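Asker: Handing you this structure, nothing more for now.
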Amino acid sequence: MWTYVAFLAVIYVVYTLKNYIRILRFILTLGGPKTVPILGNANLIFDGNLVRRMTDEAPLYGRIFRIWLTFLPYVVLVEPEDIQVVLSSIKHTQKICFYKLLDNFLGKGLVTRRADKWRIHRRILQPAFHLHILEKFVETFGEYADRLVNKLLEKNEQNVNVTVFVNNSVYDILIETILGSPANRTGSNGEDDTPFRKGQIMLPYRFARPWLLIDWIYQLTAAGKLEERQQKDLFDFCFKRMKEKREFLRKNGSFVTDGDGATRRRMSLLEYMVEINERNPLFTERDIIEECCTFMLAGQDSVGTATAMTLFLLANNPKWQERCVAELNEIFGDDTRSPTMLDLKEMKCLDMCIKESIRLYPSVPFFARTLGEDVRIGERVIPAGCGIFMTPFCTHRLPHHFPHPHDFKPERFSPENSEGRHPYAYIPFSAGPRNCIGYKFAMLEMKSVISAILRKCQLEPVLGKERVIAKFRVTIRAHGGLWVRVRARDKQCET
């Protein structure tokens, strides 16, 4: 038996080594950013400059080039037609190995899960994001948006880092829509009462110390033990909520009615998954917890950053801010009600501004896949098994697709200007079969929050803080914050 096992191990090693050599031979034909010993280009990750460097230097290398993350090479694609070849195919849905480094933080949810199990979970969860389900969340978005407006109006005539306010609001929305719990982000002592705002992603830290990329070594370190405790706190919190929801379901028979038979307004994603688990035990309790953690943690950064960035850009582009306000006045007039789904669909100008904001600063600045088979790009054939990096930040700034690419020009996304644009030239939520499952949820949430603020507040730039200093890690961040000056739009809104 042991002879047979050893034989299989040798075959596996030979096959893996042979494929690595084939990839290496291809990589050596490509240009790319200058590397440093051992780290390759990984030093740019913890410096927060990898994406900026790739974007600035892409014209030097052409449509395809390479980067090194420690001893592993990756191919970078920037042109939409090349990206489409990879993202549109179900054969290339496997993420690269480094996504596994997020497992200790996110768990094995849709973002990091292996392709085979991802397909199963995607089919299970997709119905929860249909528009007729999302419509029930619009009221929740409006409620928390109004609370955010009141917080901002307390800072009337003051400069604020809008990122902080928006992130708190987005977090509260997720607590209710994902976990089904009334949001109570801060306790009486001012500390967060849930673990989702306390953890930190250790991936850049590990890249700075390549020996920590080996799991068993990392798990022996203080950082590894800290991340393990973070995950335990997250899982314990979600398990407690899941247990409460299961007890409610078994007592009442449904999540859409309460114990007295009265109809409840909406079902959270956690409640939806508990119902699935009751019917399909193969979708396990562990799966539920990991998906909850993924949606909570991924949703905070992506939606929060995109919303704050749009508000900042509107403050610094008053012409477009007032166009959005004029549109909102047409929709609502003097009515102070929260928006409906139909109202959100009518916000065409705001939609263009949001899209332009996340063209310039996509929340997730890069994503990566492993090729399931050889792929031809132009005259080159990229070997199967090769890791492919795609960076929306770079692709969104290609001047032949977006003239004057560094300027804020929402008119790019008018129907007439969008016509004929390559479908993969604009990919803030990825694209193809493994695109972001929650992108419609995110757009509705952003429209709800931004429209509520613009109806009550005039946003102005802050002198000396009109420039975005972007830092790129797992998500994009604005170094130093995003500062605006808040003014109540009329006397009745002033505090």
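According to numbering that gives the first Met the number 0, the sequence shown is numbered sequentially starting from 0. Ideal Cβ placement from N, Cα and C applies to all residues, glycine included. Being a predicted model, the structure only gives us computed values, none of them experimental.
1) Taking arginine 65 as the reference, give the member of Val84, Gln83, Gly39, Ile89 with the closest Cα.
2) Do isoleucine 353 and lysine 446 have their C-beta atoms closer together than 8 Å?
3) Please report how far the alpha carbon of arginine 486 lies from the alpha carbon of leucine 310, in whole angstroms.
4) Counting Cβ pairs, one atom from each stretch, are 3 or more of them under 8 Å apart for the stretch 195-209 and the stretch 96-114?
5) Report yes if the C-beta distance between tyrosine 521 and glycine 386 is below 8 Å; otherwise report no.
6) Taking isoleucine 89 as the reference, give the member of Trp117, Pro79, Ile287, Leu124 with the closest Cα.
7) With DSSP run on the structure shown, which of helix, strand or coil describes alanine 367?
8) Answer with buried or exposed for leucine 312, where buried requires no fewer than 16 other C-beta atoms within 10 angstroms of its C-beta.
9) How is the alpha helix (DSSP H) around isoleucine 151 delimited, first residue to last?
10) Mind checking which residues open and close the alpha helix (DSSP H) that includes leucine 68?
11) Below 6 Å CB to CB, which residues in the same chain sit around glutamate 277 once its five sequence neighbours on both sides are set aside?
12) Should glutamine 93 be labelled buried (16 or more other beta-carbon atoms within 10 Å of its own) or exposed?
13) Which word fits glycine 497, buried or exposed, when buried means at least 16 other C-beta atoms lie within 10 angstroms of its C-beta?
14) Pull up the distance between the alpha-carbon of glycine 258 and that of isoleucine 275, whole angstroms please.
15) Are cysteine 292 and leucine 178 closer than 8 Å when you measure CB to CB?
16) What does the alpha-carbon distance come out to for the pair arginine 285 and methionine 272?
17) Is it buried or exposed for phenylalanine 392, if we count other Cβ within 10 angstroms and need 16 for buried?
18) Could you have a look at glutamine 230 and say whether DSSP puts it in helix, strand or coil?
19) Hey, how far is the Cα of lysine 455 from the Cα of arginine 488?
20) Drop a sphere of 10 angstroms on the beta-carbon of glutamate 444, count the other beta-carbons inside from all chains shown, and report buried for 16 or more, exposed for fewer.
21) Taking just the CA atoms, how far does proline 338 sit from valine 137?
22) Tell me whether glutamine 157 sits in a helix, a strand or coil according to DSSP, three-state version.
23) Determine the DSSP secondary structure at valine 483, reduced to helix, strand or coil.
24) Taking only three categories from DSSP, how would you classify lysine 470?
25) What residue from Leu453, Met266, Ile63, Arg121 has the CA that sits closest to lysine 135's CA?
26) Determine, using beta-carbon pairs with one atom in the stretch 317-331 and one in the stretch 449-463, whether at least three such pairs fall under 8 Å.
27) Measuring alpha carbon to alpha carbon, tell me which of Leu29, Val84, Leu27 ends up nearest alanine 430.
28) Can you tell me the Cα-Cα spacing of proline 58 and arginine 52, whole angstroms?
29) Would you list the one or two residues that DSSP bridges to glycine 386?
30) Between leucine 86 and the rest of its own chain, which residues show a CB-CB distance below 6 Å, the 5 nearest in sequence each way excluded?
31) If you measure between the beta carbons of proline 409 and tryptophan 319, is that distance less than 8 Å?
32) Pick from Glu56, Val35, Ile20, Ile63: whose alpha carbon is nearest that of valine 374?
33) Less than 8 Å between the beta carbons of isoleucine 426 and threonine 394, yes or no?
34) Mind the definition here: the stretch 27-46 touches the stretch 341-359 only if three or more C-beta pairs lie below 8 Å; say whether that holds.
35) In whole angstroms, what separates the C-alpha of lysine 224 from that of proline 402?
36) Quick check: the Cα distance between proline 194 and valine 75, rounded to an integer number of angstroms?
Answerer: Looking at the coordinates:
1) On the sequence shown, position 66 is the one that residue 65 refers to. Closest option to arginine 65, Cα to Cα, is Gly39.
2) As a first step, residue 353 must be located in the sequence shown, where it is residue number 354. As a first step, residue 446 must be located in the sequence shown, where it is residue number 447. Closer than 8 Å, so yes.
3) Here the question's residue 486 lines up with position 487 in the sequence shown. Here the question's residue 310 lines up with position 311 in the sequence shown. If you take the alpha carbons of arginine 486 and leucine 310, they lie about 13 Å apart.
4) yes
5) As displayed, the chain neither begins before 0 nor continues past 494, which places residue 521 out of reach and without an answer.
6) Residue mapping note: residue 89 aligns to position 90 of the sequence shown, counting from 1. The option with the nearest alpha carbon to isoleucine 89 is Trp117.
7) Stepping through the sequence shown from its first residue, residue 367 is reached at position 368. In this structure, alanine 367 counts as strand in the three-state DSSP scheme.
8) One-based indexing of the sequence shown puts residue 312 at position 313. Its Cβ being crowded by 16 or more others within 10 Å, leucine 312 is buried.
9) Along the sequence shown, one-based indexing puts residue 151 at 152. With the sequence shown as reference, residue 151 is identified as leucine, and isoleucine is not the correct amino acid for it. Here the alpha helix (DSSP H) through leucine 151 covers 137-152.
10) For the purposes of this step, residue 68 is taken as residue 69 along the sequence shown, with counting starting at 1. Unbroken run through leucine 68 is the beta strand (DSSP E), 63-68; no alpha helix (DSSP H).
11) The residue labelled residue 277 in the question sits at position 278 within the sequence shown. Excluding residues within five positions, none has a Cβ falling inside 6 Å.
12) Translated into positions along the sequence shown, residue 93 becomes position 94. Its Cβ being crowded by 16 or more others within 10 Å, glutamine 93 is buried.
13) Absent from the model: residue 497. The displayed extent of the chain is 0 to 494, so no value can be given.
14) The sequence position of residue 258 within the sequence shown is 259, counting from 1. The sequence position of residue 275 within the sequence shown is 276, counting from 1. Note on glycine 258: pLDDT 48, under 50, position unreliable in the model; the coordinate value appears next. Spanning the two alpha carbons is a distance of roughly 21 Å.
15) Taking the first residue of the sequence shown as position 1, residue 292 is located at position 293. Taking the first residue of the sequence shown as position 1, residue 178 is located at position 179. No, the Cβ-Cβ distance between cysteine 292 and leucine 178 is not below 8 Å.
16) Numbered from its first residue, the sequence shown carries residue 285 at position 286. Numbered from its first residue, the sequence shown carries residue 272 at position 273. Distance between the alpha carbons of arginine 285 and methionine 272 is about 11 Å.
17) Position 393 of the sequence shown, counted from the start, is the residue given in the question as residue 392. Phenylalanine 392 is buried by the Cβ-count criterion.
18) The residue you call residue 230 lines up with position 231 of the sequence shown. Correct three-state label for glutamine 230: helix.
19) Residue 455 sits at position 456 when you count from the first residue of the sequence shown. Residue 488 sits at position 489 when you count from the first residue of the sequence shown. Approximately 5 Å between the Cα atoms of the pair.
20) Taking the sequence shown and counting its residues from 1, the one referred to as residue 444 is at position 445. Flag for glutamate 444 reads buried.
21) Residue 137 sits at position 138 when you count from the first residue of the sequence shown. Residue 338 sits at position 339 when you count from the first residue of the sequence shown. Those two C-alpha atoms are separated by around 8 Å.
22) One-based indexing of the sequence shown puts residue 157 at position 158. The answer is strand: DSSP assigns glutamine 157 an E or B state.
23) Along the sequence shown, read from residue 1 onward, the residue named residue 483 stands at position 484. Strand.
24) Walking along the sequence shown from the start, residue 470 turns up at place 471. Three-state result, lysine 470: strand.
25) Looking up residue 135 in the sequence shown gives position 136. Lysine 135 has its Cα closest to that of Met266, out of Leu453, Met266, Ile63, Arg121.
26) yes
27) Numbered from 1 along the sequence shown, position 431 holds the residue referred to as residue 430. For alanine 430, the nearest C-alpha among the options comes from Val84.
28) Against the sequence shown, residue 58 aligns to sequence position 59. Against the sequence shown, residue 52 aligns to sequence position 53. Those two C-alpha atoms are separated by around 11 Å.
29) Position 387 of the sequence shown, counted from the first residue, corresponds to residue 386. Partner(s): Tyr73, Thr369.
30) As a first step, residue 86 must be located in the sequence shown, where it is residue number 87. Cβ neighbours of leucine 86 beyond the five flanking positions: Ala430, Gly431.
31) Here the question's residue 409 lines up with position 410 in the sequence shown. Here the question's residue 319 lines up with position 320 in the sequence shown. Yes.
32) Locating residue 374 in the sequence shown gives position 375, where the first residue counts as 1. Among Glu56, Val35, Ile20, Ile63, the Cα nearest to that of valine 374 belongs to Ile63.
33) In the sequence shown, residue 426 corresponds to position 427, counting from 1. In the sequence shown, residue 394 corresponds to position 395, counting from 1. Going by C-beta atoms, isoleucine 426 is nearer than 8 Å to threonine 394.
34) no
35) Position 225 of the sequence shown, counted from the start, is the residue given in the question as residue 224. Position 403 of the sequence shown, counted from the start, is the residue given in the question as residue 402. The straight-line gap from Cα to Cα measures roughly 48 Å.
36) Position 195 of the sequence shown, counted from the start, is the residue given in the question as residue 194. Position 76 of the sequence shown, counted from the start, is the residue given in the question as residue 75. Computed Cα separation, rounded: 36 Å.
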